Amino acid sequence: MHRFAIFQVLQEQYPQEWWQQWPIEYQDASSPAVEEFAKLHQKRIRFFQYLQWQCADQLEASNATAKEAGMSLGLYHDLAVGIDPHGADAWNFQEQLAKGVSIGAPPDFFNLSGQNWNLQPPIPGCLRSQAYRFLRETFHHNMQYGGMLRVDHALGLFRLYWIPEGKSGSEGAYVRYPPDELLAILALESVRHQVMVVAEDLGTVTPEIRRKFAQAGLLSYRLLMFEKPSGKGYRTPKRFPEQALASVNTHDLPTLRGFWSGRDIETKEQIGLYPSVSHIAQDRVTRTQDRQALLKALNQQRLLPKGTSTRAEEVPQLSNELCQATYAYLARTPCRVVATSLEDLLGEVDTPNVPGAPEGAYPVWQCKLSRPFEEWQYDPELLKFAEAVNRERATSSPSV
3 MHRFAIFQVL
13 QEQYPQEWWQ
23 QWPIEYQDAS
33 SPAVEEFAKL
43 HQKRIRFFQY
53 LQWQCADQLE
63 ASNATAKEAG
73 MSLGLYHDLA
83 VGIDPHGADA
93 WNFQEQLAKG
103 VSIGAPPDFF
113 NLSGQNWNLQ
123 PPIPGCLRSQ
133 AYRFLRETFH
143 HNMQYGGMLR
153 VDHALGLFRL
163 YWIPEGKSGS
173 EGAYVRYPPD
183 ELLAILALES
193 VRHQVMVVAE
203 DLGTVTPEIR
213 RKFAQAGLLS
223 YRLLMFEKPS
233 GKGYRTPKRF
243 PEQALASVNT
253 HDLPTLRGFW
263 SGRDIETKEQ
273 IGLYPSVSHI
283 AQDRVTRTQD
293 RQALLKALNQ
303 QRLLPKGTST
313 RAEEVPQLSN
323 ELCQATYAYL
333 ARTPCRVVAT
343 SLEDLLGEVD
353 TPNVPGAPEG
363 AYPVWQCKLS
373 RPFEEWQYDP
383 ELLKFAEAVN
393 RERATSSPSV
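Each residue of the sequence shown is one higher than the one before, starting from 3 at the first, in this note's numbering.
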């Protein structure tokens, strides 16, 4: 808290520059110059400490309110996979973070050009030599005010894809981490805080990695959009694992309505994420097949809304009833938790994030909801949606 407050005050002194461009004596968080700066600016530092206290107080109150409202697990937090190279953590823990590289993902069916997330990775050997203080504090602070934590790109507990500065997502390499040690630290903090942990085990995950997560007690992360074991049809509800969180999508994937309309394909085409025209055409063909497969899966479970055609070409738009039926499908799984996207509830078409989007090409994390909170918080249609999903959960899900 103290170091972060010092960073904030230094940033006020040099508002147009990253910390790497500050005077050299301030670039080391533990330098005598920084210590002297803190003595000279104690009042302003206390102000930022006060703000942190207020944020913590509000998070604690929000978590308590959520539980009182019936959310038994309280708030659900998200732990990012890497560090902003220009932020306070990178300044404070720089000796444990790799320089001149970013983390991301190699080319795959989701992003054919690979992904560069512009986030700084920790150095495996340095983490161990510092007794994993950096990760211990990270887990601790992210578990304080909630009952559930999602570990973004949990494969990073095993390996991270490092990309040299200035290179593309197709020019990186994997660097290994000690999973047993990292999972032990994560388990320890989970027990201390009584927090359920979800591993975002998507992407190039191996069966061995998933076994390790299961043995450590983490929930797997199962997305309906990816649950197509045959390559064509969707996995039936009863074949989902119990030790998992199930959802239709994530903030990185198209919303349900965006998926149905192909909005994500249009967006990726517009901002240049496809290597060739043929890849665009193939995605459109696959999407047509996926829409048809979803209708078939819902129909087999007797969830297809009355009057809805079983032919995808005859269903140009995804209705509220069809959206509800899709989540009811997931509610029939034995998964411990089913997560519902707010964007899907409100009928949004645009996704909050497009991984790999060039800077300024897409309003990443800036897409506003189409309806104000005052309008939808008591919407009877949303209450009907929740009741329908809860009915299915009451007969299929295990207790958490």
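C-beta: ideal position from N, C-alpha, C; glycine also.
Since this is a predicted model, take the numbers as computed values, not measurements.
Opening and closing residue of the beta strand (DSSP E) in which residue i lies
i, result
"Gly-106", "103-107"
"Ser-64", "Segment 44-70 is the alpha helix (DSSP H) holding Ser-64; no beta strand (DSSP E) there."
"Gln-117", "117-121"
"Arg-178", "175-178"
"Ser-222", "222-225"
Proximal residues to residue i (C-beta, below 7 Å), its chain only, five neighbours per side dropped
i, result
"Thr-310", "Val-317 and Leu-324"
"Phe-136", "Phe-95, Gln-98, Pro-124 and Leu-129"
"Gln-132", "Gln-98"
"Pro-256", "Arg-265, Asp-266 and Thr-353"
Straight-line Cα distance separating residue j from residue i
i, j, result
"Glu-376", "Val-339", "28 Å"
"Val-83", "Lys-308", "43 Å"
"Val-402", "Arg-395", "Only weak support is given to the placement of Val-402: the predicted model assigns it a pLDDT of 47, under 50, and the value that follows is read from those uncertain coordinates. Cα to Cα, the separation comes out at about 12 Å."
"Arg-289", "Gly-264", "7 Å"
"Gln-122", "Ile-105", "6 Å"
"Leu-61", "Phe-49", "19 Å"
"Met-73", "Asn-65", "9 Å"
"Lys-298", "Thr-312", "7 Å"
"Asp-110", "Pro-277", "12 Å"
"Ser-172", "Pro-108", "5 Å"
"Leu-77", "Gly-149", "6 Å"
"Asp-30", "Tyr-179", "26 Å"
"Lys-214", "Gly-127", "21 Å"
"Cys-337", "Tyr-223", "10 Å"
"Leu-221", "Trp-367", "26 Å"
"Arg-46", "His-79", "29 Å"
"Asn-113", "Gly-358", "8 Å"
"Glu-229", "Pro-243", "11 Å"
"Glu-14", "Gln-54", "17 Å"
"Ser-343", "Val-11", "37 Å"
"Leu-305", "Glu-268", "29 Å"
"Ala-246", "Leu-332", "12 Å"
"Leu-204", "Gln-44", "45 Å"
Exposure label - residue i; buried when at least 16 CB within 10 Å
i, result
"Asp-381", "exposed"
"Ser-32", "exposed"
"Gln-117", "buried"
"Gly-274", "exposed"
"Lys-270", "buried"
"Asn-251", "buried"
"Asp-182", "exposed"
"Ile-26", "exposed"
"Ala-283", "exposed"
"Arg-241", "exposed"
"Thr-410", "Residue 410 lies beyond the residue range present for the chain, which begins at 3 and ends at 402; the question has no answer from this structure."
N- and C-terminal bounds of the alpha helix (DSSP H) containing residue i
i, result
"Tyr-329", "322-333"
"Ile-267", "265-272"
"Ser-192", "181-195"
Cut-off 8 Å between Cβ atoms - residues of its own chain near residue i, not counting five sequence neighbours on either side
i, result
"Gly-349", "Arg-259, Asn-322, Cys-325 and Ser-372"
"Lys-234", "Gln-291 and Ala-295"
"His-88", "Trp-20, Trp-21 and Gln-22"
"Leu-1", "Residue 1 lies beyond the range of the chain shown here (3 to 402); nothing can be said about it."
Other residues of its chain near residue i: CB distance less than 6 Å, five sequence neighbours each side excluded
i, result
"Ser-192", "Val-199"
"Asp-352", "Cys-369"
"His-387", "It should be noted that the sequence gives Phe, not His, for residue 387. Correct list, in chain order: Gln-326."
"Leu-75", "Gly-149 and Met-150"
Would you mind listing the beta strand (DSSP E) stretches within the region 233-308 that are 3+ residues and don't spill past its ends, in chain order?
246-249
Go through the region 362-396 residue by residue and report every complete run of the alpha helix (DSSP H) that reaches 4 residues or more, in order.
375-378
In chain order, each alpha helix (DSSP H) run of at least 4 residues that lies wholly inside the region 74-102
90-94
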